[in-house]
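Novice: The opening residue of the sequence shown carries number 103 in this note's numbering; numbering runs sequentially from there.
Beta carbons are placed, not taken as given, at the ideal position from N, Cα and C, and that holds for glycine.
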Amino acid sequence: MADKIPDLNKRLIQLSQMSIDYLEFAHQAHILLSNMLDLEESLFILKIGSFFLKSSFENSNEPVWTVRTNEADSFERYEKLAEIALKEGEFNLEDQTTIKNLGQATGIIAVKQKSQTRDKENIINLLDEIKDLFYLICKSLYRQFLLNERVKELSCLHSIRKLSENKELDINQFLTEIVKLLPPAWQYSDYARARISYNNEIFSTKDFQESEFYLKSDIITNNLISGSIEINYPENFCNSETFPFLKEEKDLLQIITSELNIILEKKKAEVESKKLEKQLLHADRLVTLGQLSAGIAHEINEPLAGILGLAQLMEKNESLNEEAKNDLENIVSASLHARDVVKKLMLFARQMPASQSYINLNDSVKNAAFFLESRCRKNMIELKLKLAKDLPQMIADSSQIHQVLINLIVNALQAMPRGGVINLTTDFDEQNIFLSCSDNGTGMNKSVMSQIFNPFFTTKKVNEGTGLGLSVVHGIIYSHQGNIKVKSAPGKGTTFKITFPRIIKEG
103 MADKIPDLNK RLIQLSQMSI DYLEFAHQAH ILLSNMLDLE ESLFILKIGS FFLKSSFENS
163 NEPVWTVRTN EADSFERYEK LAEIALKEGE FNLEDQTTIK NLGQATGIIA VKQKSQTRDK
223 ENIINLLDEI KDLFYLICKS LYRQFLLNER VKELSCLHSI RKLSENKELD INQFLTEIVK
283 LLPPAWQYSD YARARISYNN EIFSTKDFQE SEFYLKSDII TNNLISGSIE INYPENFCNS
343 ETFPFLKEEK DLLQIITSEL NIILEKKKAE VESKKLEKQL LHADRLVTLG QLSAGIAHEI
403 NEPLAGILGL AQLMEKNESL NEEAKNDLEN IVSASLHARD VVKKLMLFAR QMPASQSYIN
463 LNDSVKNAAF FLESRCRKNM IELKLKLAKD LPQMIADSSQ IHQVLINLIV NALQAMPRGG
523 VINLTTDFDE QNIFLSCSDN GTGMNKSVMS QIFNPFFTTK KVNEGTGLGL SVVHGIIYSH
583 QGNIKVKSAP GKGTTFKITF PRIIKEG
């Protein structure tokens, strides 16, 4: 038996030099031992790092499998596991050797002979001779395995950080790419599946399904749980005795989550910053246009007043023929229209003096509805009012608020060429008064919606609109320290929501 030791050691070393991992090495070593020692069965239970490797050999096709645990269990538990696995009574645990490292048991090699007449003591002695080499090889291969795992993990983290630097990706696009990077960082990358949930959005690998074998970590942004990251394996890949995740993989998931927390907060801040920058640019443009509009309005107002006054004076001349009267009527009509445009320009530029007083918004809504009721009825449009009881008064210019309501109702009316419903609603809370105007008309796409408050922007035909109506509405509401929001979609109507403060702040 002793003469087999050099050859066995040599074969073990040759095995270790092949491109195999420590699990495959242990399996091949089983086959080698069984063949050389003419064994019926062999069992290795080996503790390496956080792994307990358990491999029983009955034929060369049986795969190696592992038992992993999160608990710091004593090695005695795994001796009992050996007894169960080898069916106590059929296998004599005296025919075994204990691998020791630094005085602590780290493994068991147990064998069952085909021939009961063989010298058990010689077999045990042989196993004692090879056990140290076997352990060192497994340990070395295991360290190589851990190194490869660390490389995979670092590659994943590097890819995440590199992806975060791509300013062209929004949050959804970023998370769509991130979820693809996760499975390759796990031990069984071909089987690993990933899912990220964030702000009620789900991003997952194509083959993702629920499983009881998973790791999960919460995404926390601004001190609130906003989602989670989950990695799992198919249930048919694992069994009840298998815990398929490394301790290092748990740590990796925590690191990835921490990275995403920071990146998502940063990206959210970037979105808010861009939004604010856009608002500032829009405000700056409105100021410039306001100054230009004010200058144009003043330049036009004086000669326009002369034209209108002279035309109205000439209309009083009874000696004029019908053709001249018609021409003067057209001049007066065009002048009045031009004067109305000038007024809108001056309102937009906030050059018209405001006359503010305490008003009740419900009264303004009723007056505007009465003013346009017949026009709505003519166009088969129902005007519904839902006015809050005990609505508090607000400080505002009643004529300007009337103009806001008229513009909103007319816009809604024009968006429903085949009739429909316009809803006017008021409400309030402790700080604000709310006005809502909604219709079930044609609606707007995002491109149009982003421009509706721009001066002179219109989707109407030539001579059907100046493009100043909603700009004036925006200007009036802004001058009252309020805000206006719009919600719309093609074919789903439009809703304008306006907020006024109950008390106007100075300055």
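Just list the residues that DSSP pairs M496 with in beta bridges.
Specialist: As a working note, residue 496 is residue 394 in the sequence shown. M496 is bridged to I461.
Novice: So, using beta-carbon positions, are I600 and Q505 closer together than 9 angstroms?
Specialist: Residue 600 sits at position 498 when you count from the first residue of the sequence shown. Residue 505 sits at position 403 when you count from the first residue of the sequence shown. Not closer than 9 angstroms, so no.
Novice: What three-state label does DSSP hand L102 in the structure shown?
Specialist: Summary: the structure shown does not reach residue 102, with the chain confined to residues 103 through 609, and so no result is reported for it.
Novice: State the Cα-Cα distance for the pair Y460 and L507, rounded to the nearest angstrom.
Specialist: Taking the sequence shown and counting its residues from 1, one reaches residue 460 at position 358. Taking the sequence shown and counting its residues from 1, one reaches residue 507 at position 405. Y460 and L507 have their C-alpha atoms some 17 angstroms from each other.
Novice: Quick one: what does DSSP say D429 is sitting in, helix, strand or coil?
Specialist: Sequence index remark: in the sequence shown, residue 429 carries index 327 (1-based). If DSSP states are grouped into helix, strand and coil, D429 belongs with the helices.
Novice: Give a yes or no on whether the C-beta atoms belonging to M518 and I483 are separated by under 9 angstroms.
Specialist: The count along the sequence shown starts at 1 and reaches residue 518 at position 416. The count along the sequence shown starts at 1 and reaches residue 483 at position 381. Taking 9 angstroms as the Cβ cut-off, M518 and I483 qualify as a contacting pair.
Novice: Could you give the first and the last residue of the continuous alpha helix (DSSP H) run that contains V111?
Specialist: To locate residue 111, count along the sequence shown from 1; it is residue 9. With the sequence shown as reference, residue 111 is identified as Asn, and Val is not the correct amino acid for it. From DSSP, the alpha helix (DSSP H) with N111 extends over K106 to S118.
Novice: Taking 8 angstroms as the limit between beta carbons, can you name the residues of its chain near L283, skipping five residues before and five after?
Specialist: As a position in the sequence shown, residue 283 is number 181, starting the count at 1. Taken in chain order, the residues that qualify are C258, S261, I262 and L265.
Novice: Bridge partners for L326 per DSSP, in chain order?
Specialist: Residue 326 sits at position 224 when you count from the first residue of the sequence shown. BP columns for L326 point to T323.
Novice: Under the rule that 16 or more other beta-carbon atoms within 10 Å means buried, what is Y300, buried or exposed?
Specialist: For the purposes of this step, residue 300 is taken as the residue at position 198 of the sequence shown. Under this definition Y300 is a buried residue.
Novice: In whole angstroms, what is the alpha-carbon distance linking L326 and D272?
Specialist: On the sequence shown, residue 326 is found 224 positions in, with the first residue counted as 1. On the sequence shown, residue 272 is found 170 positions in, with the first residue counted as 1. Roughly 21 angstroms between the two C-alpha positions.
Novice: Taking the alpha carbon of F536 as the point to measure from, which residue in A490, Y335, I365 and V253 has its own alpha carbon closest?
Specialist: Position 434 of the sequence shown, counted from the start, is the residue given in the question as residue 536. In terms of Cα proximity to F536, the closest of A490, Y335, I365 and V253 is A490.
Novice: Locate the beta strand (DSSP E) running through K589, then write down its first and last residues.
Specialist: Against the sequence shown, residue 589 aligns to sequence position 487. First-last of the beta strand (DSSP E) with K589: N585 to S590.
Novice: Have a look at V523, P285, S328 and I398 and flag the residue whose alpha-carbon is nearest the alpha-carbon of K370.
Specialist: Counting from one through the sequence shown, the residue named residue 370 turns up at place 268. K370 has its Cα closest to that of S328, out of V523, P285, S328 and I398.
Novice: Between the alpha carbons of D541 and M416, how many angstroms are there, rounded?
Specialist: By 1-based counting over the sequence shown, the position of residue 541 is 439. By 1-based counting over the sequence shown, the position of residue 416 is 314. Whole-angstrom Cα-Cα distance: 45 angstroms.
Novice: Quick check: the stretch 427 to 438 against the stretch 470 to 485, are at least 3 beta-carbon pairs closer than 8 angstroms?
Specialist: Three or more beta-carbon pairs separated by less than 8 angstroms are not found between the stretch 470 to 485 and the stretch 427 to 438, which leaves the two stretches without contact.
Novice: So what does L526 bridge to, in DSSP terms?
Specialist: Numbered from its first residue, the sequence shown carries residue 526 at position 424. Paired residues: L487 and C539.
Novice: Select from K112, I497 and K486 the residue whose C-alpha is nearest the C-alpha of I605.
Specialist: Within the sequence shown, the letter at position 503 stands for residue 605. Selected option, being the one with the closest Cα: I497.
Novice: Leaving out five residues on either side along the sequence, give the residues of the same chain with a beta carbon under 7 angstroms from the beta carbon of L355.
Specialist: Residue mapping note: residue 355 aligns to position 253 of the sequence shown, counting from 1. Result list for L355: L317, S319, I331 and I333, in chain order.
Novice: Judging by CA-CA distance, which residue of K480, I115, F602 and G595 is the nearest neighbour of Q533?
Specialist: Within the sequence shown, the letter at position 431 stands for residue 533. Nearest option by C-alpha distance: F602.
Novice: So for N423, helix, strand or coil by DSSP?
Specialist: In the sequence shown, the residue the question calls residue 423 occupies position 321. Coil at N423, not helix or strand.
Novice: Output the distance between the C-alpha atoms of I133 and M120, rounded to the nearest integer angstrom.
Specialist: Counted from its first residue, the sequence shown places residue 133 at position 31. Counted from its first residue, the sequence shown places residue 120 at position 18. Roughly 15 angstroms between the two C-alpha positions.
Novice: Buried or exposed: where does Y290 fall if 16 or more other Cβ atoms within 10 Å of its Cβ makes it buried?
Specialist: Translated into positions along the sequence shown, residue 290 becomes position 188. With fewer than 16 other Cβ atoms within 10 Å, it is exposed.
Novice: At the level of alpha carbons, what is the spacing between S538 and V444?
Specialist: Taking the sequence shown and counting its residues from 1, the one referred to as residue 538 is at position 436. Taking the sequence shown and counting its residues from 1, the one referred to as residue 444 is at position 342. A direct Cα-Cα distance of roughly 28 angstroms separates S538 from V444.
Novice: Taking S313 as part of the alpha helix (DSSP H), name the residues at either end of that continuous run.
Specialist: As a working mapping, residue 313 is identified with position 211 in the sequence shown. First-last for S313: undefined, no H or E at that position.
Novice: Tell me the rounded alpha-carbon separation between P592 and V550.
Specialist: Sequence index remark: in the sequence shown, residue 592 carries index 490 (1-based). Sequence index remark: in the sequence shown, residue 550 carries index 448 (1-based). Spanning the two alpha carbons is a distance of roughly 10 angstroms.
Novice: Helix, strand or coil: which one does DSSP assign to Y335?
Specialist: Taking the sequence shown and counting its residues from 1, one reaches residue 335 at position 233. Residue state, collapsed to three classes: coil.
Novice: Should A426 be labelled buried (16 or more other beta-carbon atoms within 10 Å of its own) or exposed?
Specialist: As a working mapping, residue 426 is identified with position 324 in the sequence shown. So A426 counts as exposed.
Novice: Between the C-alpha atoms of N419 and L412, what's the straight-line distance to the nearest angstrom?
Specialist: Reading the sequence shown from its first residue, position 317 is the one you call residue 419. Reading the sequence shown from its first residue, position 310 is the one you call residue 412. Distance between the alpha carbons of N419 and L412: 11 angstroms.
Novice: What does a CB cutoff of less than 8 angstroms around E337 pick up in its chain, not counting 5 residues either side in sequence?
Specialist: In the sequence shown, counting from the first residue as 1, residue 337 sits at position 235. These residues qualify, in order along the chain: S313, E314 and F315.
Novice: Tell me which same chain residues have a C-beta within less than 7 angstroms of the C-beta of K376, skipping the five on either side of it?
Specialist: Translated into positions along the sequence shown, residue 376 becomes position 274. Excluding positions up to five away in sequence, the list is empty.
Novice: The beta strand (DSSP E) that contains S291, what's its start and end?
Specialist: As a first step, residue 291 is located in the sequence shown; it is residue number 189 there, counting from the start. Premise fails: S291 is in no beta strand (DSSP E) and is neither H nor E.
Novice: Tell me the DSSP secondary structure of S549 in three-state form.
Specialist: Residue 549 sits at position 447 when you count from the first residue of the sequence shown. In this structure, S549 counts as helix in the three-state DSSP scheme.
Novice: Take the Cβ of L487 as the centre, count every other Cβ of all protein chains shown within 10 Å, and call the residue buried at 16 or more, exposed below.
Specialist: The count along the sequence shown starts at 1 and reaches residue 487 at position 385. Using a 10 angstroms sphere on the CB of L487, the tally of other CB atoms stays under 16, which defines it as exposed.
Novice: If you follow the beta strand (DSSP E) that A296 is in, where does it begin and where does it stop?
Specialist: Within the sequence shown, the letter at position 194 stands for residue 296. Taken as a continuous stretch (DSSP letters only), the beta strand (DSSP E) holding A296 covers R295 to Y300.
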